[in-house]
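One structure is given below, encoded as structure tokens.
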Amino acid sequence: MFLIISKNTLNVCTSVKKQTSLSLLDGQNLRENVISENQKDYQIHAYQYATTSEPASFTKPYAIIYVEDDEDIMMAIRYCTENKLSLAVRSGGHQYRGYSSTNGPNLQIDLSGLESPNSQNYPYRKWFYDKESNRATMGAGLMISEIDEELAKRGVFIPHGECAHVRVGGHCQTGGYGLMARPLGLFVDYIYSYDIIMADCTKKTVRRDSQDPDDRDLFFSLAGGSPGNLGVVTSVTVNCLRDADFPNARGFKLAYPYSKERLQKLLEICAEQSDNPIEDDFCYSVLVIGADHFYNIFGGTDQEMRLRHKELYGENHELHPIASIALFGFWANLKGKGQPYNPSIFQRIKEVAGTPLPFFKIAMGFDTTEINDQPMPCSKMMIEWAWKNPREFDLPFQKRLWMTKSTSLVKDGFAEWTAERIDKLQAPLFNGCKIAAQFMPLSGKTTKFQTGNKDHQTSAAWRDSTSFSALDAFYDPNIPGAYQLAIEWSEENQMEGVGEKGIFSKDDRRLIWAPFGENALDLVPQYYYDNEEDYQRILRVKRKVDPNFIFTPNLFGVGASLKGK
3 MFLIISKNTL NVCTSVKKQT SLSLLDGQNL RENVISENQK DYQIHAYQYA TTSEPASFTK
63 PYAIIYVEDD EDIMMAIRYC TENKLSLAVR SGGHQYRGYS STNGPNLQID LSGLESPNSQ
123 NYPYRKWFYD KESNRATMGA GLMISEIDEE LAKRGVFIPH GECAHVRVGG HCQTGGYGLM
183 ARPLGLFVDY IYSYDIIMAD CTKKTVRRDS QDPDDRDLFF SLAGGSPGNL GVVTSVTVNC
243 LRDADFPNAR GFKLAYPYSK ERLQKLLEIC AEQSDNPIED DFCYSVLVIG ADHFYNIFGG
303 TDQEMRLRHK ELYGENHELH PIASIALFGF WANLKGKGQP YNPSIFQRIK EVAGTPLPFF
363 KIAMGFDTTE INDQPMPCSK MMIEWAWKNP REFDLPFQKR LWMTKSTSLV KDGFAEWTAE
423 RIDKLQAPLF NGCKIAAQFM PLSGKTTKFQ TGNKDHQTSA AWRDSTSFSA LDAFYDPNIP
483 GAYQLAIEWS EENQMEGVGE KGIFSKDDRR LIWAPFGENA LDLVPQYYYD NEEDYQRILR
543 VKRKVDPNFI FTPNLFGVGA SLKGK
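Residue numbers (the numbering used here): 3 to 567.
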């Protein structure tokens, strides 16, 4: 059982606005990289993934500091310590609720290097690969797409999430769930060590194989437990996988016109293979994405950022002019060169899907899963699968993602219910809402997803899950009723899909990288951690390494309710 803290015990640590001076930073080669809230371009620099979807106060730090080196980070920590402020850490700003930001008098540091005058040698965008150990060290400010490109040149790769613009600093602390998760596990399963600057301004390397109990606790807490809440991770070292060890690996990325009937048939296969696991080598995902061409004329903050400030926000590369269903598949070739490939599982999926969109396959898709096709290196597939857009749509959103351990999705009618729910939002052409939904079977007690944390060295939760489901609604704030429709649709999904009689899951299982609902983590730890013991272990680490709660810039942090007590 979890200890649930009452709402009455919570301190809102950023509720009181006080006069804050940045004079401590003057004349120390840092002032020019401090953007305060009264400067003209402040909103551009404060902007991140969640800015237009959450209350304005969520992403409104008193100032943003573009740090140049470890000393800048330590200077900011000392300043916050002396002034009893909190410090938010941003490597890319992709956090769905804006929890890599802060508000009130608190500060935010940025490790992206976007404003650095020394961008070629920026310390948190450096990376190094050691062939002998097969390990790569990568700075917190690097994008996932950048490390994929560099690793592929060496014939190596690591499993990770699907969004190209996510940066290493946040990703290495929140799991790294992606299209290789079932056969090969998560990003955190391959982390060897973290380099981190602590609240006392010491820098240390925390290794997976450390024999020091405190280091083991800290590694556990960093690897999936409380991102940005324990210190400033500046780089991470990972154990890589070699393409050569998976010589016949295959995969596909294909798109089909959206229809409710096609979707339901594909989800029926998902439900079957979630309830009854297929061979461990296989992994696939179904993605539903609405058309975005209607919304290009409406403008808004998100689109303005994309068009005017590509250096800060990124640039769209994936086109989805019509509503579509995208399929992703992977066969891992876990047993090496002599293992025969059985195409029947993927053939069934593709037969149900029908004829793919030809322009998508030519421009952005691939398929190497037919029996006579040539294998594709895993490192190449990681590059091809990456979602190239910073966001699915340049619109505000309501995101929901759940895991489940259900083995009765077929009996409970998951496919029919989900297809109905998606079609309710997707079918009307001009309701101001667009769908982005994804499903992936993860079942199998011998898969890397379920066994990857058998030594319990990481706190990434819900590794006994059989499937995940994401149901996201994007809405145009300029269209009357769109916001309310997105809210009501999301709440209905929660009520019908999750709970004691839930069609998808009897337990409310959420992930630390995709939070929703309550913004105070201490109120709902049972949604994000496997058990009370894990939560308390991370809380003990928090109290030990950050006793003054410097790295508690908002309430979505372990022990945030204890700040100031």
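Note that the Cβ used here is the ideal one computed from N, Cα and C, for glycine as well.
Computed from a predicted model, the values in this text were never measured in an experiment.
**Message:** Once the 5 residues before and after V560 are set aside, which same chain residues still bring their CB inside 6 Å of it?
**Reply:** S228, N231, I540, L541, K544
**Item:** Euclidean distance between Cα positions of I373 and Y343
**Value:** 8 Å
**Request:** Compute the beta-carbon to beta-carbon distance between A388 and C435, rounded to the nearest angstrom, for a pair I have assumed lies under 8 Å.
**Result:** That pair is no contact at about 26 Å.
**Request:** Measure the CB-CB distance between A166 and A257 and report whether it falls below 8 Å.
**Result:** no
**Asked** Using CA coordinates, which residue listed in D414, A439, G415 is at the minimum distance from D425?
**Response** Considering only D414, A439, G415, the residue with the shortest C-alpha distance to D425 is A439.
**Asked** Which residue spans inside the stretch 217 to 304 form an unbroken alpha helix (DSSP H) run of at least 4?
**Response** Listed in chain order, they are 262 to 277.
**Prompt:** What are the boundary residues of the alpha helix (DSSP H) that includes D43?
**Reply:** D43 -> no alpha helix (DSSP H), and no H or E assigned at all.
**Request:** Output the distance between the C-alpha atoms of L12 and V526, rounded to the nearest integer angstrom.
**Result:** Unreliable placement is indicated for L12, whose pLDDT of 40 sits below 50; no coordinate value is reported for it.
**Asked** If we ignore side chains and look at the alpha-carbon of each, how far apart do A183 and A462 end up?
**Response** 13 Å
**Prompt:** Quick one: is M442 buried, meaning 16 or more other Cβ sit within 10 Å of its Cβ, or exposed?
**Reply:** buried
**Asked** The alpha helix (DSSP H) spanning I489 covers which residue range?
**Response** 484 to 499
**Asked** In three-state terms, what does DSSP make of A142?
**Response** Coil, per DSSP.
**Residue range of the alpha helix (DSSP H) that includes G415** = Per DSSP, G415 belongs to no alpha helix (DSSP H) and is neither H nor E.
**Asked** Is the shortest distance between the beta-carbon of T468 and the beta-carbons of chain C less than 8 Å?
**Response** The displayed structure is made up of one protein chain only, and chain C is not part of it.
**Message:** I believe P259 touches L411 by the beta-carbon criterion, under 8 Å. Please report the beta-carbon distance rounded to the nearest angstrom.
**Reply:** Not quite, the Cβ-Cβ distance comes to about 25 Å (not below 8 Å), so this is no contact.
**Request:** Mind checking which residues open and close the beta strand (DSSP E) that includes S135?
**Result:** For S135, there is no enclosing beta strand (DSSP E), as DSSP marks it with neither H nor E.
**Message:** With three or more C-beta pairs closer than 8 Å as the rule, is the stretch 388 to 408 touching the stretch 146 to 164?
**Reply:** yes
**Item:** CB of Y98 within 8 Å of CB of A516, strictly
**Value:** yes
**Item:** Nearest-angstrom beta carbon gap, S237 and Y101 [assumed within contact, 8 Å]
**Value:** No, Y101 and S237 are not in contact; Cβ-Cβ is about 21 Å, not under 8 Å.
**Prompt:** Thinking C-beta only, is D132 closer than 8 Å to R252?
**Reply:** no
**Asked** Fully enclosed by the stretch 323 to 362, which beta strand (DSSP E) runs are 3 residues long or longer?
**Response** 326 to 333
**Prompt:** Comparing alpha-carbon positions, which option in T460, A334, I271, G340 lies nearest F416?
**Reply:** I271
**Asked** Taking DSSP as the reference, what is the three-state secondary structure of L564?
**Response** helix
**Sub-8 Å separation of R80 and D112 beta-carbons** = no
**Message:** Helix, strand or coil for D112? Go by DSSP, reduced to three states.
**Reply:** In this structure, D112 counts as strand in the three-state DSSP scheme.
**Request:** State yes or no: is the C-beta of V158 within less than 8 Å of the C-beta of R244?
**Result:** yes
**Asked** Run through DSSP, which three-state label would W389 get?
**Response** strand
**Prompt:** Roughly how many whole angstroms lie between the Cα atoms of A311 and Y49?
**Reply:** As written in the sequence, residue 311 is His, which differs from the Ala given in the question. Cα to Cα, the separation comes out at about 11 Å.
**Prompt:** Three-state secondary structure (DSSP) at P527?
**Reply:** helix
**Prompt:** At which residues does the beta strand (DSSP E) containing P443 begin and terminate?
**Reply:** 435 to 443
**Request:** Could you name the residues that DSSP lists as bridge partners for K426?
**Result:** Partner(s): none; K426 has no beta bridge.
**Message:** Using the Cβ count rule (16 or more neighbours within 10 Å means buried), how would you classify K255?
**Reply:** buried
**Prompt:** Going straight from the alpha carbon of Q275 to that of R264, what length do you get?
**Reply:** 17 Å
**Prompt:** In chain order, what residues of the same chain lie with their CB nearer than 6 Å to the CB of P191, ignoring the 5 residues before and after it?
**Reply:** Note on identity: in this sequence residue 191 is Asp, with Pro being the wrong assignment. The answer, listed in chain order, is G454.
**Asked** Which one of T460, L89, S408, P555 has the shortest CA to CA distance from G501?
**Response** S408
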